[in-house]
Amino acid sequence: MERLQKVLAQAGVASRRKSEKLILDGLVKVNGKVITELGTKVSRMDTIEVEGVQLTKETPVYYLLYKPRGYISTVDDEKGRKTVMDLVPEVSQRIFPVGRLDYDTSGVLLMTNDGDFSYLMTHPKFEIKKKYVAKVKGIPTRDDLKKLETGIELDDGSTAPARVKMTSSDKKTNSAIVEITIHEGRNRQVRRMFDAINCPVQKLKREEFANLTTRGLNAGEARELTRHELKQLRVLAETGKIG
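Take the sequence shown: its position 39, counted from the start at 1, is 39 in the UniProt record's numbering, and no numbers get skipped.
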């Protein structure tokens, strides 16, 4: 017997948090009965429906996508814009992005149908590190970099400590290249952090997600994660160290 929201997440319906919302909104039935309690447990013998569609457990799949700029990190877009789903290989499973990169940001983006895995990779408590390289307008001072490192006060609260390194600067163009590593995933967080020190981002790429990079891929290409990579990611989430 397992909690209903966990079963939904494992089946690729949504992340565990979004699965909980589906239950609370009365959109999930078990054996024909609407369930709204998050503690409900189910077995393999139970018939589960989500928004009228019977649940079938899918084989979990995991992809690494080199997301280019100009794509939305969602399954679909009501405005008709291009999404990352246009880039991944055709698979029978209902995959979705693990977290998101905004429209103008490129780099490492994971795709899966495993909601539990997505939860491990995105919840701040697991402190999965993401390294970004930003080209910014203006040249940050030492004090600016220190603010980024210790925490910037944003409208949704102070950011967690970050690792920051300015790798180059150009006085002629009044710009700089800064590497920043964070473990949070707030909406447009890196861009907002640089806005707060008056150095707006001109170009942004996520170079690393945990121990993964886009090495070997061109922008717009994807590949499956290896068993070893998956094991390392799970161990990292559970222990904070690469296994």
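Backbone N, C-alpha and C fix where the C-beta goes; we use that ideal spot for every residue, glycine too.
Since this is a predicted model, take the numbers as computed values, not measurements.
Assuming residue i contacts residue j (C-beta within less than 8 Å), just tell me the rounded distance between them.
i           : j      : result
Ile48       : Leu55  : 4 Å
residue 286 : Gly99  : Limits of the chain in this structure are 1 at one end and 243 at the other, which puts residue 286 out of reach.
Lys16       : Lys6   : The question names Lys, but residue 16 is Arg in the sequence shown. With a Cβ gap of about 6 Å, Arg16 and Lys6 count as contacting.
Gln189      : Thr159 : 7 Å
Ile182      : Lys130 : 6 Å
Ile197      : Asp144 : 4 Å
Gln226      : Tyr66  : Correcting the residue identity first, residue 226 is Thr in this sequence and not Gln. The Cβ separation is near 16 Å, so there is no contact.
Report the rounded CA-to-CA distance for residue i versus residue j, giving the unit in angstroms.
i           : j      : result
Glu224      : Val91  : 11 Å
Lys235      : Lys171 : The residue you asked about is not Lys; residue 235 is Val in the sequence shown. Roughly 44 Å between the two C-alpha positions.
Lys165      : Ala11  : 40 Å
Ala219      : Pro68  : 5 Å
residue 260 : Thr112 : Given that the chain is displayed from residue 1 to residue 243, the structure contains no residue 260 and the question cannot be resolved.
Ser106      : Arg186 : 16 Å
Arg142      : Lys82  : 39 Å
Pro200      : Tyr132 : 14 Å
Met45       : Lys231 : 29 Å
Ala162      : Asp195 : 16 Å
Lys41       : Leu110 : 29 Å
Leu87       : Thr59  : 20 Å
Pro140      : Asn174 : 10 Å
Thr212      : Glu127 : Reading the sequence as shown, one finds Leu at residue 212 and not Thr. Distance between the alpha carbons of Leu212 and Glu127 is about 15 Å.
Leu8        : Gly216 : 34 Å
Thr36       : Arg3   : 12 Å
Leu22       : Ser43  : 19 Å
Leu154      : Met193 : 7 Å
Tyr71       : Tyr63  : 17 Å
Please report the residue range of the alpha helix (DSSP H) in which residue i lies.
i      : result
Thr181 : From DSSP, Thr181 is part of no alpha helix (DSSP H) but of the beta strand (DSSP E) over 175-182.
Gly9   : Note on identity: in this sequence residue 9 is Ala, with Gly being the wrong assignment. 4-10 is the extent of the alpha helix (DSSP H) around Ala9.
Between which two residues does the beta strand (DSSP E) harbouring residue i extend?
i           : result
residue 259 : Outside the modelled stretch of the chain, which goes from 1 to 243, sits residue 259, for which no answer is possible.
Whole beta strand (DSSP E) runs in the segment 13-71 with 3 or more residues, listed along the chain?
-> 28-30, 48-50, 62-67
Count the CB pairs spanning the segment 59-79 and the segment 20-39 that are closer than 8 Å, and state whether there are at least three.
-> no
At 3 residues or longer, and completely inside the segment 181-228: list those beta strand (DSSP E) runs for me, N to C.
-> Within the segment 181-228, the runs of beta strand (DSSP E) at least 3 residues long that lie entirely inside it are, in chain order, 201-209, 222-224.
Which ranges does the alpha helix (DSSP H) cover as unbroken runs of at least 4 residues, wholly within the segment 92-162, from first to last along the chain?
-> 115-122, 142-150
The segment 202-217 touching the segment 144-164, judged by at least three CB pairs closer than 8 Å = no
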